[in-house]
Amino acid sequence: MTMISSAPAAPVLELRGISKAFTGVQALNGVSLNLFPGEVHTLMGQNGAGKSTLIKVLTGVYAPDHGQILLAGQAIQPQSTLDAQNHGISTVYQEVNLCPNLSVAENIFIGRYPRKLGRIDWPTMTRQATALLERMQIRIDVTLPLAHYPLAIQQMVAISRSLLVSAKVLILDEPTSSLDEKEVDLLFSVLRGLREQGMAILFVTHFLDQTYAISDRITVMRNGEREGEYLAADLSRVELVNKMVGAQVATEAAAPLAAAVAAEPSRRQSFLRAVGLSRKGALLPMDLDIHKGELLGLAGLLGSGRTEAARLLFGADRADGGTIAIDGKEQSFASPRDAIAAGIGFCSEDRKHEGAILELSVRENLILALQARMGIMRAIPLKRQQQLAEEYVKALGIKTASIETPIGSLSGGNQQKVLLARWLVTDPKLLILDEPTRGIDVRAKQEIMDYVSALCRNGMSILFISSELPEVLRVSDRVVVMRDRKAGGEYPRGALDETTVLHVIAAGDENA
Amino acid sequence: MKFTSSPYFTSLITVFLLVVLLGAGGAAYPGFLSVQVLFNLLIDNAFLLVIAVGMSFVILSGGIDLSVGSVLALTTMICAWMLQTWHWPPLLVIAVALVLGTVFGAAMGALIHYFKLQPFIVTLAGMFLARGLCYLISINSITIDDPFFVAMSQTQLPIGDCFLSPGALIALATLAAAIYVAHCTPFGRAIYAVGGNEQSALMMGLRVARTKVLIYAFSGFCAALAGVLFSFYMLSGYGLHAQGTELDAIAAVVIGGTLLSGGYGYVAGALTGVLVLGSIQTLIAFDGTLSSWWTKIVIGGLLFVFCVVQRVMTMRGNKK
Amino acid sequence: AKPLVIGFSQVGAESEWRTANTVSIKDAAKKEGVTLKFADAQQKQENQVKAIRSFIAQRVDVIAFSPVVESGWDTVLLEAKRARIPVILTDRAVKVSDPSLYVSFLGSDFVEEGRRAGNWLVERQKKTPDAVLNIVELQGTVGSAPALDRKKGFEEAIAGNAKLKVIRSQTGDFTRAKGKEVMEAFLKAEGKKINVLYAHNDDMAIGAIQAIEEAGLKPGKDIIIISIDGVKGAFEAMIAGKLNVTVECNPLLGPQLMQIAKDVVAGKAVPKRVVTQESVFPAEVAAKEFPNRKY
Amino acid sequence: MRMHKLLHHPLFRPLAALAILLLIDLVMVPGFFHLEIKDGHLYGSLIDIANRAAPLILAAIGMTLVIATRGIDISVGATVAISGTVAAMLIGGTMVMQNGVPEYVANTPMWLALAAALGAALLCGAWNGALVAGLGLQPIVATLILMVAGRGLAQLFTDGQIITVYYKPFFFLGSGYLFGLPFSLYIVAAVFIVTALLLRRTALGLFIQSVGINPVAARLAGLKTAVLIFFVYVFCSACAGVAGLMITSNIKSADANNAGLLLELDAILAVTLGGTSLAGGKFSLAGSVIGALIIQTLTYTIYSIGLPPEVNMVVKSVVVFLVCVSQSSEFKNMWRRSVRGNA
Ligand SMILES: Nc1ncnc2c1ncn2[C@@H]1O[C@H](COP(=O)(O)OP(=O)(O)OP(=O)(O)O)[C@@H](O)[C@H]1O
Ligand SMILES: Nc1ncnc2c1ncn2[C@@H]1O[C@H](COP(=O)(O)OP(=O)(O)OP(=O)(O)O)[C@@H](O)[C@H]1O
Ligand SMILES: [Mg+2]
Ligand SMILES: [Mg+2]
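Protein chains in written order, with this note's numbering: chain H, 25 to 536; chain X, 9 to 328; chain S, 4 to 298; chain Z, 11 to 353.
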């Protein structure tokens, strides 16, 4: 830890008694926060604690009901993001807010283009954008549209964009939710550099490791209120979790999962067997065998093709080659419907674009897949819908004003839980979870994984994709490591630790 | 989300299909492929091109402007009225007309943005209003005999042994300026950003409000400019001028490869779109045997073939 | 010899009258062995200009067209003149700075039609000299030439008569549906006060007749109905006693047009203005005239 | 609290706009609300408005579903012309005297003619649906094709002539009365109720909204998005087809040149006035019905007040502006602020 954190100068940014209510929810209640120059200040709290809302109030997206925002001692009332930017506050929001149709370079530079003779200097922009991303070790064609790239890249682009402004305050709302360790390390080294230059950084994450790796100071929020502010060095992990949750609970260092123990090799009949599955430009021929009642982990770096593999298995994209057999019977999936009919569910990593139907209620979002499977004519009675919704809201601890609230007004983590529930209600035989714990707080993550493991024990197969290697290793019965858009190796539980996997990923072929 | 439709590719296909269309016309009808006939395409559709340029901006931003045809008519009416009744100098008349059109567009843009109203409905009401205002000025058509307008109308700028009209040149200049604005200025890029995702554009700190108002102001300006060109073209002001032109302009823009949902496409596509529509009409005129209803059916049919081929080729191209 | 080539630009196909006009011209061309280049403008002046330009590019022998509107033809007609292609107007006139831009105008006079309708009513009023007759008017499409002129002519004709008063005037867009709709509203608003209906075309009158019947009144008796065009439907209505008079507007211009075109090309002098044969058909002659109607 | 709820109901503002229009009529048009019994049925301005609005309401109901899926159908007017023409041509009809009693004979049995007309409309819808859902053309261009060509087809059938129908029973559809009320109202009510039930009792409503809000997510959740989109275009054309029959029956003739001209614009206007967003998603069927009634009442008011036809358009546009602005939530906020400011 640097010394700056313990010798507070005057705060650059000071929030006093901020309150904000939406219809039915008091999202923030008298929250105060001090942000000092040259520190990384982490905001922690369970899903729906009010972190994102606080950031939105701070950056002029929402107007606070009460409270004051002071920038260098001066009261400010930012009216818009632009306004906040002009005050020197640069922000990366939780949901990636970029324009999918513009090129990567433009997304970084829009609003502050390099100019030549009054017009936009495209070559310079391309050059600078390439260089900027290269600093993050991302080598891509920056002239292609953003939509061309997966979510993780988009997130890095959003971060790069925020770094470009010469700001006094940098705010990052869960920037690491779909990044893997390598990217996170890179990001952190950049952040440390900025900290040295005296920038104040407000950071939101659900990862305890990351919190301790980077923060000087931690503010914990609970139920829209500030629980307390601590120096990172003074607060143990267990204490932190307890403060977030507001009760004494076990932490993620909990005992090894019961599910894995229960999974006996004798029950291992194949449920889905893919042979030579491939798609041009996305996935090289790959074999995959998923057993009944098994939790199969799919590990790999960003862009290693895990999402592509999942989409092909689900029929979301059409495979160019290869076969898929379910229970030994060969099937071809022309659309997700076919896969669903075969008992497969798929929870996408991109909840904003591929998951949530934002204006519909929690209940409607939750029953959508089930209803789709039952067909249009056999509407699920309202009573039953409500019952299901209530049940899963409770089971997954979804924080929502009511089951009729539009899903768009839930916090990010809670939206994710609803989408998970959407597939759980259909009771699939195989559930493909692509980054299901993205943006979910520590406690909920554990609860969800426990829940999922319990389902496994009852015979459901799960394909689990996550950028968090420890999590994959912890819960999976078997892990397939992907590299360069193909399967690099397959390992039974226990035969694998983090270093081996990293080794496989790094070295690849020799190990496979 | 996968990147499914490359606007660049679509635009190229459109140009290719246009060439095929012209070639087919040339093969079928003698004299069709003369340079003057091609120039006539520009002369006769100059006003449509200008409107389509403004419409491109609007559609790229994810909006739509139905008022352009009526604003065009209103402009011809205002020009005619000021020239014939008040005898104002022609350049002043043109300036006033352009300012009025711009203000009209900006007002609609402001309503759309500040009251969060739907562009379709606001500009539909704008369409009724502008058309209605024409009738309030006069329900008759007013002939323009101002020497400047007559000169603009009848001047033939010789190119080889063919000619272009000043209006066609003005339209081409407008197109060039718009392409420059769209691709080389922050305002132009902001249009694309708003069309891609308005919410994100706002979160990225773009001046969405200003951009949107400016877009509709620009469309209003283009409609008024088209009105001035139309006044040159017809030498009259009339409330029934250019009925349904908004649909032609939208069709031209969309055929040119721009997506109505906003954010994807090129302003230059407006030119291809306009030329496609113009060629279809010229083909029909050269054929000269179609009855009124067959004219409609053939226009629809050619439009169909064109859109389907364009679409199928785009899908094929993206698979590769 | 090479057959004569005529380029003809029609307004559109917005009414039965127009269709009859088109058919007449096409049939006449076929009969005379003339090659007709027909272009439909879908009611748009700019399309007519485009069509005329393409006729010039195709070097036709004669250009003929029914202008959508009277102004705005100078430029393109000048081009035709420079290309030495004679132009004949049909059905509607144009306003041009230089009358030599066209050789002849063949067609009806909308103002005169309106005047005839008005004169018929003035005569009719003489039968009941004391009664005030309240008139409702169904106009054509706002701003269109026939609507403007038929209104003007009618107003001229009844101007001197204080007993004839237009109490309502609204557009019915020349269609049956609108004519009926507007008449319904008139009947509710004015009720029994309405004595006369003047419709700018037969279609609106036919729609209005239905509205009057549905209101429990007798068209042609409780309300005097005057309309213009003289299409078949109007004659049927007159025979049924539901329409009092229709002023003919003759669409059968084909044979005359072909004659003028041939004369022009042959270098003969042609009259600048050829008025078509048109009459007024009151209900009394309807039954006798009906078998002669072609459209 | 209940008052508050009422004021915030999404239908409140369209209804208020309608009420204000009627209020203007009450003041400006004497006898506007007067209803009498004539020939055994109700007769008066209100009945006229409802009767005239019937085709528009039908078109608006169909359009609502299309718009809810983020689409648009500008071929409604052409479909009206086609269905009306087909029916009129098949029925035609003459009167013959049999034993001194007039008998009306149709060229084709009426049920067959009606079925053929609806069949033609369904074909139109299938065509649109195939272009939009199958080929993925943008809805406005896809339906533009039929908008242009469809009217041409109708004119081709009739040779550009107005086809008059002489077969009396056919008139019942558009100008008949049942229990004192226009028969067209029963048709509209039936279509409305069936549609509303279909949306409520089946998952159709949920699916249409999902597809309209986020088609990608809807497909991944297992919806047959293409089939759904195809269906709404067919449904929209079917509604337009019935509207076409109604219009034809009402004026006892089919006018391929003018029937349903610009009906699509009015239908879209009705849908938006009713509070449905053109961006797709949430929709209100009842709102669209009210929107259609607003438009028809406005038109009728202009006729009744005796405004000169030159100002029709200006008045219409001003009313649309006012209704839209007053419905926007931004206006509500401004209003609230100014009320609070004064208090
Ligand atoms: N626009 C909105 N309308 C209504 N309620 C909202 C809105 N935005 C947030 N909320 C509510 O405010 C509360 C706080 O949400 P917020 O997004 O700030 O949580 P968070 O701490 O960022 O959670 P997460 O870790 O899941 O991102 C939640 O209960 C949420 O449902
Ligand atoms: N660092 C990178 N550099 C260049 N391209 C990348 C990179 N990361 C991802 N991509 C692109 O992503 C595509 C594969 O992404 P996909 O979403 O399948 O990967 P993934 O393994 O699911 O990774 P994640 O879900 O972590 O993004 C590749 O086609 C590649 O073009
Ligand atoms: Mg959050
Ligand atoms: Mg992925």
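The beta-carbon is built from N, C-alpha and C at its ideal position, and this holds for glycine as well.
Output yes or no for whether 9 Å exceeds the beta carbon distance between residue 76 of chain X and residue 257 of chain X. yes
Exposed or buried, what is residue 515 of chain H when buried is set at 16 or more other beta-carbons lying within 10 Å of its beta-carbon? buried
Going by Cα to Cα distance, which pick from H:420, H:442, H:382 is closest to residue 391 of chain H? By alpha-carbon distance to residue 391 of chain H, the top candidate from H:420, H:442, H:382 is H:442.
Range covered by the alpha helix (DSSP H) that runs through residue 259 of chain Z: 235-261
Could you tell me which of S:72, S:42, S:18, S:55 sits nearest to residue 152 of chain S, measuring between CA atoms? Distances from the CA of residue 152 of chain S to each of S:72, S:42, S:18, S:55 were compared; the closest alpha carbon is that of S:72.
Identified DSSP bridge partners for residue 294 of chain H: H:315
I'd like to confirm the pairing. Which residues does DSSP put opposite residue 168 of chain S in its beta bridges? DSSP, once it has assigned bridges, lists S:137 as partnering residue 168 of chain S.
In chain order, what are the residues with a CB under 5 Å from some non-hydrogen atom of ligand 1? H:46, H:49, H:51, H:71, H:72, H:73, H:74, H:75, H:76, H:77, H:433, H:434, H:435, H:436, H:437
Would you be able to state if there are at least three C-beta pairs under 8 Å between the segment 217-230 of chain S and the segment 251-266 of chain S? no
Under a three-way DSSP split, which group does residue 456 of chain H fall into? strand
Which residues does DSSP pair with residue 243 of chain H in a beta bridge? H:67, H:253
Verify the contact flag: residue 109 of chain H, CB atom, against every heavy atom of ligand 6, threshold strictly below 8 Å. Looking at this structure, you won't find ligand 6 anywhere; what it does contain is ligand 1, ligand 2, ligand 3 and ligand 4.
Sort S:240, S:145, S:52 by Cα distance to residue 146 of chain X and report the nearest one. Ranking the options by Cα distance to residue 146 of chain X, first place goes to S:145.
Closest by CA to residue 341 of chain H, which one among H:361, H:419, H:158, H:523? H:361
So if I threshold CB-CB distances at 7 Å, which residues from the segment 55-72 of chain X count as touching chain S? none
Check whether the Cβ atoms of residue 11 of chain S and residue 83 of chain S sit closer than 9 Å, and answer yes or no. no
For residue 251 of chain X, the three-state DSSP class (helix, strand or coil): For residue 251 of chain X, the secondary structure class from DSSP, reduced to helix, strand or coil, is coil.
Hey, does residue 249 of chain X have any beta-carbon neighbour from chain S nearer than 9 Å? yes
Straight-line Cα distance separating residue 21 of chain S from residue 27 of chain S: 10 Å
Sequence-distant residues of the same chain with beta carbon closer than 7 Å to residue 150 of chain S, five excluded per side: 142, 143, 144, 203
Buried or exposed for residue 5 of chain X, please, with buried defined as at least 16 other CB atoms from any protein chain shown within 10 angstroms of its CB. Look at the range of chain X in this structure, 9 to 328, and you will see that residue 5 of chain X is not part of it.
Could you check if residue 285 of chain H is buried or exposed, using at least 16 other CB atoms within 10 Å of its CB as the buried criterion? Caution is warranted here: a pLDDT of 44 is assigned to residue 285 of chain H, below 50, making its placement in the model unreliable, and no coordinate value can be reported.
Taking the alpha-carbon positions, what's the residue 102 of chain H to residue 82 of chain H distance? 8 Å
Candidates H:384, H:209, H:326, H:327, of which the one nearest residue 235 of chain H by Cα: H:209
With 9 Å as the threshold, decide whether the Cβ of residue 395 of chain H is near any Cβ in chain Z. yes
Nearest by alpha-carbon distance to residue 334 of chain H: which of H:357, H:98, H:317 is it? Closest in C-alpha terms to residue 334 of chain H, from the list H:357, H:98, H:317, comes H:357.
Given this structure, state the Cα-to-Cα distance separating residue 489 of chain H from residue 267 of chain X, to the nearest angstrom. 35 Å
Could you check how far apart the C-beta atoms of residue 202 of chain Z and residue 101 of chain Z are, in whole angstroms? I think they sit under 8 Å. Between residue 101 of chain Z and residue 202 of chain Z the Cβ distance is about 26 Å, and since that is not below 8 Å, they are no contact.
DSSP three-state label for residue 533 of chain H, please. No answer about residue 533 of chain H holds up, because its pLDDT of 45 lies below 50 and its placement is not dependable.
Roughly how many angstroms separate the alpha carbons of residue 280 of chain H and residue 272 of chain X, rounded to a whole number? For residue 280 of chain H, the predicted structure reports a pLDDT of 42, less than 50, and the residue's modelled location is therefore unreliable. A value from the coordinates is still provided. Those two C-alpha atoms are separated by around 51 Å.
Residues of chain Z with CB closer than 7 Å to the CB of residue 183 of chain S, please, in chain order. 261
Following a CB-centred definition, is residue 228 of chain H positioned closer than 8 Å to any heavy atom of ligand 3? yes
Quick one: which unbroken alpha helix (DSSP H) runs of 4-plus residues sit fully inside the segment 477-521 of chain H? Chain order, please. Fully enclosed alpha helix (DSSP H) runs of no fewer than 4 residues occupy 493-499 of the segment 477-521 of chain H, in order along the chain.
What's the gap between the Cα of residue 201 of chain X and the Cα of residue 85 of chain H? 18 Å
Is residue 440 of chain H near ligand 3, going by C-beta to nearest heavy atom under 8 Å? no
For the segment 86-120 of chain H, which segments carrying the beta strand (DSSP E) assignment without a break, of at least 3 residues, lie completely within its bounds, in sequence order? 90-95, 98-100, 113-116
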